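Asker: Numbering (full-length UniProt numbering), first residue to last: 1 to 600.
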Amino acid sequence: MRRHTSKMHYKEDDLVKRTLFINGISKYAEETQIKEHFEQAYENCTVLEARICYNVAKLMSLNAERKKTERSKKFFTDLMSKEHVPTMINPKPCGHLCCCAITGCEEEEAVSFYTKREAKLKEEYRKEKEKVHTKPLGMAFVTFQNEAMTASILKDFNACQVQGCRCRQEPRSSQFSEVLHVHSWSVSYAPDPQNVRWEHLSLGGVRWWIRCFIINCILFILLFFLTTPAIIISTMDKFNVTKPVEYLNNPIVTQFFPTLLLWAFSALLPTIVYYSAFFEAHWTRSGENRTTMHKCYTFLIFMVLLLPSLGLSSLDVFFRWLFDRKFLADGTLRFECVFLPDNGAFFVNYVIASAFIGNAMDLLRIPGLLMYMIRLCLARSAADRRNVKRHQAYEFQFGAAYAWIMNVFTVVMAYSITCPIIVPFGLMYMLLKHLVDRYNMYYAYLPSKLDKKIHSSAVTQVVAAPILCLFWLLFFSTVRTGFKTPYSMFTLVVLIVTIVVCLSHVCFGYFKYLSAHNYKIDTKDSDVDTVENGRPTRPSSSPSTKSQVLQDPNSDEPGSGGEEDCASSQDDEMLNGGTGINEADFQSGEDSLIANEVHQ
């Protein structure tokens with residue numbers, strides 16, 4: 001995997017290489033002061049652009065609602081001009097599902113409702129846009145003329161590393177250093193503008209850490225006692241939740257219901273871990289996917305591999321077995337029965353089920369279908385349902401995908417020596433997973449703009465697989481032949497050496513010469529555009545490091561279409577970009593179904 005990633009040519013925009021993201025700036029700073037500071041402090045430094053970040057979370061929400069309302073109004077306006085019959089709608093959520101007219105659920109004329117709503121949202125949007133420049137976040141994106149100057153400034157602000165100890169050096173100063181609070185700056189390469197979650201930038205500092213701590217504490221407490229689906233089922237049985245089902249005396253129901261619950265919780269527990277990373281409100285999509293990958297992988301390893309292999313049911317029992325001496329003395333755990341070669345049959349069945357059922361579920365995309373159904377039910381009218389159908393595609397979640405595939409890879413690697421028959425089934429899973437993910441990335445999901453760190457982090461994280469394989473081999477040999485036998489001692493020495501080399505390579509930076517990655521310095525002029533396959537590899541016009549809702553100065557005008565094109569969803573850009581085809585030139589099957597629904 002490391003060799004494969006070393007041969008991957010990751011194409012980054014020239015803007016990302018020449019732009020720095022600065023945090024900790026004074027909230028009273030101005031863009032001209034930031035620009036003059038760098039030009040005075042650093043010789044031959046040319047700043048092309050300095051952009052201060054503002055709190056645009058509410059503005060982006062109003063902008064999205066305003067665009068939906070405009071499209072809904074246009075839909076019913078065109079329908080009225082065509083049919084000459086006004087359309088009545090129930091504006092309440094799930095109003096189209098209500099079959100009786102009661103007080104508070106009266107129907108309204110569609111064009112009138114969306115006209116009033118559009119005027120209200122436009123006024124709120126205009127007021128919020130006027131106030132947004134009074135809410136700076138103390139962050140800025142600064143773009144320089146060339147990559148060499150950007151790297152020099154980044155090196156000046158970064159801490160010096162001396163044998164693993166970090167000591168801060170004072171950066172160069174200017175007459176604006178005191179005003180800008182240069183001593184408290186944290187400087188890093190800027191992420192791609194499409195990678196930034198602009199609505200989350202307002203959550204930073206102590207607030208973000210408190211939010212993250214609370215979410216992860218709740219997650220840990222929940223999963224500490226309910227780590228595996230089996231312990232959830234047994235806990236529900238204590239409260240007689242599944243007991244009434246047995247009174248039905250139907251063998252199909254009584255046998256299928258517990259299995260259904262077990263499957264449901266097996267899918268629900270990793271989903272809870274996934275959404276915990278989403279609610280942490282990371283600043284970039286890459287950071288969110290990396291956190292999802294690390295948390296989901298750790299949880300899946302405990303749920304699927306460690307606890308079932310040790311014959312335990314939850315982390316509570318695991319820590320009691322690890323630290324409580326009375327639990328070991330009074331317990332009935334017999335590891336002679338746990339580390340049997342036949343124990344791998346359970347994991348062989350798991351890998352086979354993951355290969356066929358798991359990959360089939362990835363093709364069906366059941367969670368996305370359920371969310372799509374919920375959004376359709378909550379839509380107010382046929383126009384809103386049309387908007388939902390046009391924006392039903394999501395970005396491919398690399399974090400969750402990496403976690404699941406590395407989980408199966410770790411299971412296969414851990415039992416590859418004690419139960420070799422699992423290896424061909426693991427290879428079958430990898431091949432099917434590759435085909436399914438390639439199909440989903442090409443045809444089902446939107447492209448996601450992520451940095452290269454998530455892929456290198458996945459390669460680093462998968463090092464846990466051979467370490468667990470050596471652990472399992474050591475446990476097996478210790479239980480079978482004893483700890484002091486030559487076979488067990490040799491396995492222990494190999495395990496210790498492997499752990500030391502991996503930790504040194506990952507954490508402390510030693511043994512870097514063992515890496516297949518070769519980092520080369522680009523000596524080419526950054527202003528020269530190269531051509532590859534008939535297209536320039538560096539576009540002449542880079543995307544702006546500014547939130548899309550602030551880029552178009554005339555976006556709040558009724559006749560302006562710039563912001564619609566700039567802030568439209570990615571699936572619309574893929575469908576309409578560069579083709580010159582108008583929406584009125586064709587009608588999809590979904591649109592015809594909606595038209596029939598309106599007529600009825």
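Backbone N, C-alpha and C define an ideal beta-carbon position, used for all residues, glycine too. Because the structure is a prediction, the values reported are computed rather than measured.
1) Are the Cβ atoms of F425 and V500 separated by less than 8 Å?
2) Residues in its own chain within less than 7 Å of T410 by CB, not counting five upstream and five downstream?
3) Do you know offhand how far S431's Cα is from R126's?
4) So, with DSSP's three-state summary, where would you put G138?
5) Taking only three categories from DSSP, how would you classify I218?
6) Going residue by residue through the segment 62-129, where are the continuous beta strand (DSSP E) segments of at least 3 residues, counting only ones entirely within it?
7) Determine the DSSP secondary structure at residue 636, reduced to helix, strand or coil.
8) Going straight from the alpha carbon of L20 to that of K116, what length do you get?
9) Helix, strand or coil for I22? Go by DSSP, reduced to three states.
10) Can you find the residues in the same chain that come closer than 8 Å, C-beta to C-beta, to R66, ignoring five residues on each side of it along the sequence?
11) Give me whichever residues DSSP pairs with T284 in a beta bridge.
12) From which residue to which residue does the alpha helix (DSSP H) around Y439 run?
13) Taking only the alpha-carbon atoms, compute the straight-line gap between K484 and Q461 and give it to the nearest angstrom.
14) Excluding the 5 residues flanking G577 on each side, which residues of the same chain have their C-beta closer than 6 Å to its C-beta?
15) Work out the CA separation of S184 and G24 for me, nearest whole Å.
16) Could you check whether V412 and residue 619 sit closer than 8 Å to each other, using their CB atoms as the reference points?
17) Y28: which of V16, K35, I52, A41 sits nearest, CA to CA?
18) Taking buried to mean at least 16 other C-beta atoms within 10 Å of its own C-beta, is M293 buried or exposed?
19) Could you tell me if V187 is buried or exposed, where buried requires 16 or more neighbouring beta carbons within 10 angstroms of its beta carbon?
20) Decide if V506 is buried, meaning its Cβ has at least 16 other Cβ atoms within 10 Å, or exposed.
21) How far does the beta strand (DSSP E) with V187 in it reach, from first residue to last?
22) Following the continuous alpha helix (DSSP H) through N407, name the residue where it begins and the one where it ends.
23) Shortest alpha-carbon distance to V388 belongs to which of L378, Q397, W472?
24) What residue from M139, T69, G399, H133 has the CA that sits closest to A277's CA?
25) Between which residues of its own chain and P136 is the CB-CB distance below 6 Å, once the five residues before and five after are set aside?
Answerer: Considering the structure as presented:
1) Result no, Cβ atoms of F425 and V500 do not sit closer than 8 Å.
2) Taking C-beta separations shorter than 7 Å and ignoring five residues to either side along the sequence, the partners of T410 in its chain run I301, L305, A464, A465, L468, following chain order.
3) Per the sequence shown, the amino acid found at residue 431 is Leu instead of Ser. Using only the alpha carbons, I get a separation of about 53 Å.
4) In the three-state DSSP reduction, G138 falls in the strand class (E or B).
5) I218: helix per DSSP, three-state reduction.
6) Runs found: none.
7) Since the first and last residues shown for the chain are 1 and 600, residue 636 lies out of range.
8) One C-alpha to the other measures close to 43 Å.
9) If DSSP states are grouped into helix, strand and coil, I22 belongs with the strands.
10) Same-chain partners within the cutoff: E118, L121, K122, Y125.
11) Residue pairing by DSSP puts T284 in a beta bridge opposite V196.
12) Following the DSSP letters along the chain, one finds Y439 inside the alpha helix (DSSP H) bounded by residues 422-439.
13) Going by C-alpha positions, K484 is about 31 Å away from Q461.
14) Unreliable positioning characterises G577 in this predicted model, as indicated by a pLDDT of 43, which lies under 50. A coordinate reading is not provided.
15) Their backbone Cα atoms lie some 6 Å apart in a straight line.
16) Residue 619 falls outside the range modelled here, since the chain spans only 1 to 600, and no answer is possible.
17) Residue I52 is the option with its Cα nearest to Y28.
18) Under this definition M293 is a buried residue.
19) V187 should be labelled buried.
20) Counting C-beta atoms within 10 angstroms of its own C-beta, V506 has fewer than 16 neighbours from the protein chains shown and is therefore classed as exposed.
21) V187: member of the beta strand (DSSP E) spanning 186-189, first to last residue.
22) Counted as a single uninterrupted DSSP element, the alpha helix (DSSP H) harbouring N407 occupies residues 398-414.
23) For the set L378, Q397, W472, the Cα lying nearest the Cα of V388 is the one of L378.
24) Of the listed residues, the one whose Cα sits closest to A277 is G399.
25) The answer, listed in chain order, is K27, I52, Y54.
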